[in-house]
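Chemist: Provided herewith is a single structure, encoded as structure tokens, for subsequent inquiry.
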Amino acid sequence: MDEIEKLVEDLRKYNEAYREGEPIITDAEYDELVEKLRLLAPDNSFLQSVEPEKFEGKKEIKHPFPMLSTEKAYSKDDLLRFLNRIKKESEKIGIETIVFKITPKLDGLAGRDDGTILVTRGNGIAGYDITNAFDKGIIPIGGRGLGLGEIVILKSYFDENLSEYFEHPRNMVVGIIASDNLNEFAKEALQNEAVHFVPYKKLPCWEGNSEELINKIEEITEDILKKTDYPLDGMIVELTNETLKKHLGATAHHYRWQIAVKKKGDTAVTTVKKIKWQVGRTGNVTPVLEVTPTSLSGATIKNVTAHHAGLIKEQHIGIGSEIEIIRSGEVIPKLIKVITKTEDVKIPELCPSCKSELKWNNDFLKCLNIKCPSQIEQSISHWFKTLGNADWFGIKTIQKLVNQGFDSLEKIYDMKEDDFIKAGFGPGQSKNLFEAINISKNKMIEDWRFLAAFGISNLGKGESKRLLSYIKLEDILSAKIEDIQEIKHFGTITSQSIVAGILSLKPTILYMLNLGFNLERTPLISEISNIESPIKGKKIVFTGKMAHGTREEMQNQASKLGAILQTSVTSKTDFLVCGENVGASKIDKAKKAGVKIVSELDYHEIIKNF
Numbered sequence: 003m004d005e006i007e008k009l010v011e012d013l014r015k016y017n018e019a020y021r022e023g024e025p026i027i028t029d030a031e032y033d034e035l036v037e038k039l040r041l042l043a044p045d046n047s048f049l050q051s052v053e054p055e056k057f058e059g060k061k062e063i064k065h066p067f068p069m070l071s072t073e074k075a076y077s078k079d080d081l082l083r084f085l086n087r088i089k090k091e092s093e094k095i096g097i098e099t100i101v102f103k104i105t106p107k108l109d110g111l112a113g114r115d116d117g118t119i120l121v122t123r124g125n126g127i128a129g130y131d132i133t134n135a136f137d138k139g140i141i142p143i144g145g146r147g148l149g150l151g152e153i154v155i156l157k158s159y160f161d162e163n164l165s166e167y168f169e170h171p172r173n174m175v176v177g178i179i180a181s182d183n184l185n186e187f188a189k190e191a192l193q194n195e196a197v198h199f200v201p202y203k204k205l206p207c208w209e210g211n212s213e214e215l216i217n218k219i220e221e222i223t224e225d226i227l228k229k230t231d232y233p234l235d236g237m238i239v240e241l242t243n244e245t246l247k248k249h250l251g252a253t254a255h256h257y258r259w260q261i262a263v264k265k266k267g268d269t270a271v272t273t274v275k276k277i278k279w280q281v282g283r284t285g286n287v288t289p290v291l292e293v294t295p296t297s298l299s300g301a302t303i304k305n306v307t308a309h310h311a312g313l314i315k316e317q318h319i320g321i322g323s324e325i326e327i328i329r330s331g332e333v334i335p336k337l338i339k340v341i342t343k344t345e346d347v348k349i350p351e352l353c354p355s356c357k358s359e360l361k362w363n364n365d366f367l368k369c370l371n372i373k374c375p376s377q378i379e380q381s382i383s384h385w386f387k388t389l390g391n392a393d394w395f396g397i398k399t400i401q402k403l404v405n406q407g408f409d410s411l412e413k414i415y416d417m418k419e420d421d422f423i424k425a426g427f428g429p430g431q432s433k434n435l436f437e438a439i440n441i442s443k444n445k446m447i448e449d450w451r452f453l454a455a456f457g458i459s460n461l462g463k464g465e466s467k468r469l470l471s472y473i474k475l476e477d478i479l480s481a482k483i484e485d486i487q488e489i490k491h492f493g494t495i496t497s498q499s500i501v502a503g504i505l506s507l508k509p510t511i512l513y514m515l516n517l518g519f520n521l522e523r524t525p526l527i528s529e530i531s532n533i534e535s536p537i538k539g540k541k542i543v544f545t546g547k548m549a550h551g552t553r554e555e556m557q558n559q560a561s562k563l564g565a566i567l568q569t570s571v572t573s574k575t576d577f578l579v580c581g582e583n584v585g586a587s588k589i590d591k592a593k594k595a596g597v598k599i600v601s602e603l604d605y606h607e608i609i610k611n612f
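Written out as structure tokens, the structure is:
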């Protein structure tokens, strides 16, 4: 196999993994390989075709017009060549005024919504019917039937809630479309209305001539970025004149009247010094590469994420491997290329925490020992992080407690100040820890947050809140599968998983309930149905710093009055209630979506008699 054949084979493999939501390499490295192929073999058939995607079990539907890929520009020179080519072609047919439009290039799953069906891009000629995406809870921005667009998740929501669990937002989106059995993260994101189908015509845009475009591209890009809360992969520059667009036409790969302007992330080359294996709450054992410190994007990088053990095995990564890394805003940079591979690949056979035998689960290594210290530590950490009302219990403190035999919530909540001292903490810290325990019990928290903190599979914050709006917390302990299955968005498998999880943790849940936590109860749907208020059934977003009570208190009150709380503005939002210091982008987004914007005082006036 020669170099070109090998390159094409690799590109097909990388593209297939990307389309399935499990990318092996980054977008930047993939694009670099495509450009390399373009230099070596510009007429290769791979460059003339749209990279296909597959969704098993979905009906294939032909597009009324091709959904092609996009030509790429990585520099101002590339962009200038595109603009000059457009100018020459316009002169040929006597068009003097040329107007360009710039819109953000969303990094999600492309599709076409004609109002009846939603179809993926597929191979560009035909795609797959994924209309049931709307039934799952994906929000069509601007309504149905607005043509071409992209399925994406809100970037702010992903960064805050999911970046720890998913390498890229697109992975989450593809998983939602491809699977009928959604995980807890996907269901919670859908319930929070964070996953959208965004028609391209609803995106923020700039219009102007070629001179303005080339001179102000950075300024224009920065302005559009501020207005877009979705994962992006550059900007799209395209013509607005339909006659000229028709004249330019398309290749088999892309339309000749548009181009994607992309910027590669900052990269650096470093060497692997050590591979650290970390055990998560669910037992997944994942690798982190400790590398020779290197400067990248203004930061000194010492650790690089390697995602899973399958990557270490496939890419032959070990101590001494020279690697290329990229940082495009991530806290921890990503591996994009292994320059020097090694035959001395060491994959652990035993859990680094409890020494139990590890099992492979697809590309992940898993520790199945539920008494594994690291899993216990992460579970306790999850409790305090989710509860969010007690300081001092960082992971180092929790590790020390577990090491001293305080390896359950029951034992920790039974500790007195002297017990913390006996566990090796100083008098001051022991006092703080004991007070933090009492605060966590006495400071009011929502019952759904309390339930979610136990870390039961398929029962995250969103699911807990929905569940408790139908079944009281105490009654959940005896709920049957069919009780949960009757509630919208809870299928058979999910209900079985929740009941099994509650049963396994029932003694702990009962123990914690008997400690008398100060719980803010979720109003039952059956009770809310009898409420009459001006905000009943209204979808409301609270934002900014509130002067009369906290935002959380206002949300709880609104919920009791029958309002539907949202975490971000969508086309379905009724009210955006603003306190102080609200960002202009959020206000602009609300205005464009036709959402009514009210001040905190105006809101209190609306509900003053309730």
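Residue numbers 3 to 612, in my numbering, belong to the letters of the sequence shown in order.
Beta carbons: idealized from backbone N, C-alpha and C, even for Gly.
Residue range of the beta strand (DSSP E) that residue 209 falls in?
Modeler: Segment 208 to 210, the beta strand (DSSP E) holding residue 209.
Chemist: Apart from the five residues on each side of it in sequence, which residues of its chain come closer than 7 Å, Cβ to Cβ, to residue 324?
Modeler: For residue 324, where only same-chain residues beyond five positions count, the Cβ hits under 7 Å are 271, 273, 341, 342.
Chemist: Which residue spans inside the stretch 441 to 492 form an unbroken alpha helix (DSSP H) run of at least 4?
Modeler: Entirely contained in the stretch 441 to 492, the alpha helix (DSSP H) runs reaching 4 residues are, in chain order, 449 to 454, 463 to 470, 475 to 478, 483 to 487.
Chemist: Taking only the alpha-carbon atoms, compute the straight-line gap between residue 234 and residue 104 and give it to the nearest angstrom.
Modeler: Looking at the two C-alpha atoms, the distance is approximately 13 Å.
Chemist: Go through its chain and collect everything with a Cβ distance to residue 395's Cβ below 7 Å, but skip five positions before and after it.
Modeler: Only 386, 438 meet the Cβ criterion.
Chemist: Check each candidate in 357, 98, 492, 353 and name the one with the smallest Cα separation from residue 192.
Modeler: Minimum Cα distance to residue 192 is reached at 492.
Chemist: Going straight from the alpha carbon of residue 575 to that of residue 315, what length do you get?
Modeler: Distance between the alpha carbons of residue 575 and residue 315 is about 47 Å.
Chemist: On a CA-only basis, which of 599, 131, 367, 279 is nearest residue 543? Give me that one, please.
Modeler: Checked all of 599, 131, 367, 279; the closest Cα to residue 543 is 599.
Chemist: Can you list, in chain order, the residues of its chain with a C-beta nearer than 7 Å to that of residue 611? Leave out the 5 residues immediately preceding and following it.
Modeler: Correct list: empty, nothing qualifies.
Chemist: Starting from residue 240, follow its DSSP beta bridges and name the residues at the other end.
Modeler: DSSP output for residue 240 lists 103, 260 as bridge partner(s).
Chemist: What I want to know is whether the C-beta of residue 481 ends up closer than 7 Å to one or more non-hydrogen atoms of the ligand ATP.
Modeler: In terms of ligand content, the structure shown is empty, and the ligand ATP therefore cannot be addressed.
Chemist: Just verifying my parser: in three-state terms, what is the DSSP assignment at residue 198?
Modeler: In this structure, residue 198 counts as strand in the three-state DSSP scheme.
Chemist: If you run the structure through DSSP and keep just helix, strand and coil, what is residue 193?
Modeler: Residue 193: helix per DSSP, three-state reduction.
Chemist: Based on Cα-Cα distance, which residue from 168, 364, 296, 75 lies nearest to residue 262?
Modeler: For the residues 168, 364, 296, 75, the minimum Cα distance to residue 262 belongs to 75.
Chemist: Here's the rule I'm using: 16 or more other beta-carbon atoms within 10 Å means buried, otherwise exposed. How should residue 518 be labelled?
Modeler: The residue is exposed, with fewer than 16 neighbouring Cβ atoms inside 10 Å.
Chemist: Less than 8 Å between the beta carbons of residue 336 and residue 328, yes or no?
Modeler: Contact: yes.
Chemist: Does the beta-carbon of residue 549 have 16 or more other beta-carbons within 10 angstroms, so that it is buried, or is it exposed?
Modeler: With fewer than 16 other Cβ atoms within 10 Å, it is exposed.
Chemist: Can you list, in chain order, the residues of its chain with a C-beta nearer than 8 Å to that of residue 460? Leave out the 5 residues immediately preceding and following it.
Modeler: Around residue 460: 185, 186, 189, 496, 499, 500, 503.
Chemist: Residue ranges of each beta strand (DSSP E) run of no fewer than 3 residues wholly in the stretch 317 to 374, ordered along the chain?
Modeler: DSSP runs (the beta strand (DSSP E)) wholly in the stretch 317 to 374: 324 to 329, 336 to 340, 360 to 363, 366 to 369.
Chemist: Report the residue from 525, 111, 287, 265 whose alpha carbon sits nearest the alpha carbon of residue 172.
Modeler: Selected option, being the one with the closest Cα: 111.
Chemist: Hey, is the stretch 352 to 370 in contact with the stretch 284 to 304, meaning 3+ C-beta pairs nearer than 8 Å?
Modeler: Segments in contact, yes.
Chemist: What beta strand (DSSP E) runs, 3 residues minimum, are completely inside the stretch 90 to 141?
Modeler: Qualifying beta strand (DSSP E) stretches, in chain order: 102 to 108, 111 to 115, 120 to 122, 128 to 130.
Chemist: To the nearest angstrom, how far is the alpha carbon of residue 224 from that of residue 251?
Modeler: When rounded, the distance between both Cα atoms is 30 Å.
Chemist: Using the DSSP secondary-structure output, state which residues sit across from residue 578 in a beta bridge.
Modeler: Per DSSP, 543, 599.
Chemist: Throw me the rounded Cβ distance for the residue 131 and residue 61 pair, which I believe falls under 8 Å.
Modeler: With a Cβ gap of about 4 Å, residue 131 and residue 61 count as contacting.
Chemist: State whether the stretch 201 to 219 contacts the stretch 148 to 155, with contact taken as three or more CB pairs (one from each stretch) at a distance under 8 Å.
Modeler: Enough Cβ pairs lie closer than 8 Å, so yes.
Chemist: Output needed for residue 411: all residues of its chain with C-beta closer than 7 Å, excluding positions within five of it in sequence on either side, in chain order.
Modeler: If we look at residue 411 and ignore the five residues flanking it on each side, its Cβ neighbours are 382, 385, 510, 514.
Chemist: Between which two residues does the alpha helix (DSSP H) carrying residue 268 extend?
Modeler: No alpha helix (DSSP H) holds residue 268; the beta strand (DSSP E) holding it covers 268 to 281.
Chemist: Considering just the uninterrupted stretch of the beta strand (DSSP E) at residue 151, what are its terminal residues?
Modeler: That run of the beta strand (DSSP E) goes 149 to 155.
Chemist: Is residue 533 helix, strand or coil when you go by DSSP?
Modeler: In the structure shown, residue 533 sits in coil (DSSP, three-state: anything other than H, G, I, E or B).
Chemist: Find the nearest neighbour of residue 435 within the set 421, 355, 448, judged by alpha-carbon distance.
Modeler: For the residues 421, 355, 448, the minimum Cα distance to residue 435 belongs to 421.
Chemist: From 339, 12, 573, 547, pick the residue whose C-alpha is nearest to that of residue 602; which is it?
Modeler: When only C-alpha atoms are compared, the closest one is 547.
Chemist: Report buried or exposed for residue 196, applying the criterion of at least 16 other Cβ atoms within 10 angstroms of its Cβ.
Modeler: Buried, since its Cβ has 16 or more Cβ neighbours within 10 Å.
Chemist: If you count every other CB in all the chains shown that lies within 10 Å of the CB of residue 264, and 16 or more means buried, which is it?
Modeler: Buried: at least 16 other Cβ atoms inside 10 Å.
Chemist: Look at residue 144 and residue 587 and say whether their C-beta atoms are less than 8 Å apart.
Modeler: Cβ atoms of residue 144 and residue 587: not closer than 8 Å.
Chemist: According to the Cβ coordinates, are residue 240 and residue 57 closer than 8 Å?
Modeler: Not closer than 8 Å, so no.
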